[in-house]
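One structure below.
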Amino acid sequence: MARQWQVGVLMALVSAAPALADNVALNKPVSIISGSGSIFSTAPLGVVTDGAFLSEATAYSSPSAINNAVHWNTTFAGAVTLEIDLGVMCTIDGIIAQADDNDSLLVSYLDANNIFQPLYNIAYASTGLGFVTRPNADQVTFADLAPVSTTKIRITEAGGDGYYGISELQLRGVAIPAPGAVTAISAAGLLALRRRRA
Numbered sequence: 301m302a303r304q305w306q307v308g309v310l311m312a313l314v315s316a317a318p319a320l321a322d323n324v325a326l327n328k329p330v331s332i333i334s335g336s337g338s339i340f341s342t343a344p345l346g347v348v349t350d351g352a353f354l355s356e357a358t359a360y361s362s363p364s365a366i367n368n369a370v371h372w373n374t375t376f377a378g379a380v381t382l383e384i385d386l387g388v389m390c391t392i393d394g395i396i397a398q399a400d401d402n403d404s405l406l407v408s409y410l411d412a413n414n415i416f417q418p419l420y421n422i423a424y425a426s427t428g429l430g431f432v433t434r435p436n437a438d439q440v441t442f443a444d445l446a447p448v449s450t451t452k453i454r455i456t457e458a459g460g461d462g463y464y465g466i467s468e469l470q471l472r473g474v475a476i477p478a479p480g481a482v483t484a485i486s487a488a489g490l491l492a493l494r495r496r497r498a
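Here is the structure:
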């Protein structure tokens with residue numbers, strides 16, 4: 301019987317842990333850090349993290365893109381910066397994004413020293429026109445990344461024709477439980493086990 305309770309405690313701890321391979325950016329708030337005057341689309345910023353891709357090769361100026369992607373115009377790299385607030389510390393090891401085909405966008409993450417570091421380059425698409433998903437147009441394949449832990453992600457232009465757009469960014473990862481939460485779960489499990497043994 302004691303063994304059954306031990307297994308139960310272990311299962312409780314495992315079930316309390318976050319699921320692996322979640323899109324940790326899903327529905328997280330997006331804000332403009334700089335360059336708000338350059339953004340001309342009417343779509344809410346949240347379309348970037350709403351979990352929905354445009355149909356592959358949707359034209360840049362089509363009604364679908366205008367309503368479901370963020371568009372901006374600038375001739376200066378780094379002029380416009382969008383920020384995704386993950387809310388909690390997350391470990392990230394994969395990314396998928398859909399952006400205008402002839403744009404290059406830099407994705408950065410906030411490191412432990414509160415400095416944004418390069419994470420991934422959404423490169424020019426070698427095939428396709430309009431909004432194209434990277435790294436693969438199947439809209440499900442993530443680019444593997446060296447794991448990083450962060451609470452914030454930024455997106456800014458790195459090069460292109462001056463007319464930029466992004467419709468979706470997803471991050472494969474896992475939320476890291478606060479130390480206090482893990483301690484509380486562990487303590488509750490151990491207390492239950494001790495009471496049962498008594």
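Convert by adding 300 to the 1-based position in the sequence shown; the result is the number in the working numbering.
Backbone N, C-alpha and C fix where the C-beta goes; we use that ideal spot for every residue, glycine too.
A quick note: this is a predicted structure, and the numbers were derived from the prediction, not measured.
- Beta-carbon to beta-carbon, residue 354 and residue 377 are separated by about 24 Å, too far to satisfy the 8 Å threshold.
- C-alpha of residue 375 to C-alpha of residue 461: approximately 8 Å in a straight line.
- Around the beta carbon of residue 408, 16 or more other beta carbons sit within 10 angstroms, so the residue counts as buried.
- Taken atom to atom, the span from the alpha-carbon of residue 394 to that of residue 330 is near 19 Å.
- Burial of residue 456 is indicated by the presence of at least 16 other C-beta atoms within 10 angstroms of its C-beta.
- Between the C-alpha atoms of residue 445 and residue 437 there is a straight-line separation of about 18 Å.
- Rounded to whole angstroms, residue 338 and residue 372 show a C-alpha spacing of 5 Å.
- Where residue 475 is concerned, the enclosing beta strand (DSSP E) starts and stops at 463 to 475.
- The residue from 396, 391 and 404 with its alpha-carbon nearest to that of residue 411 is 391.
- Residue 365 sits in a helix when the DSSP states are folded into three classes.
- Per DSSP, the beta-bridge partners of residue 420 are 407.
- Per DSSP, residue 380 lies in no beta strand (DSSP E) and is assigned neither H nor E.
- Boundaries of the beta strand (DSSP E) harbouring residue 431: 431 to 434, taken from the DSSP string.
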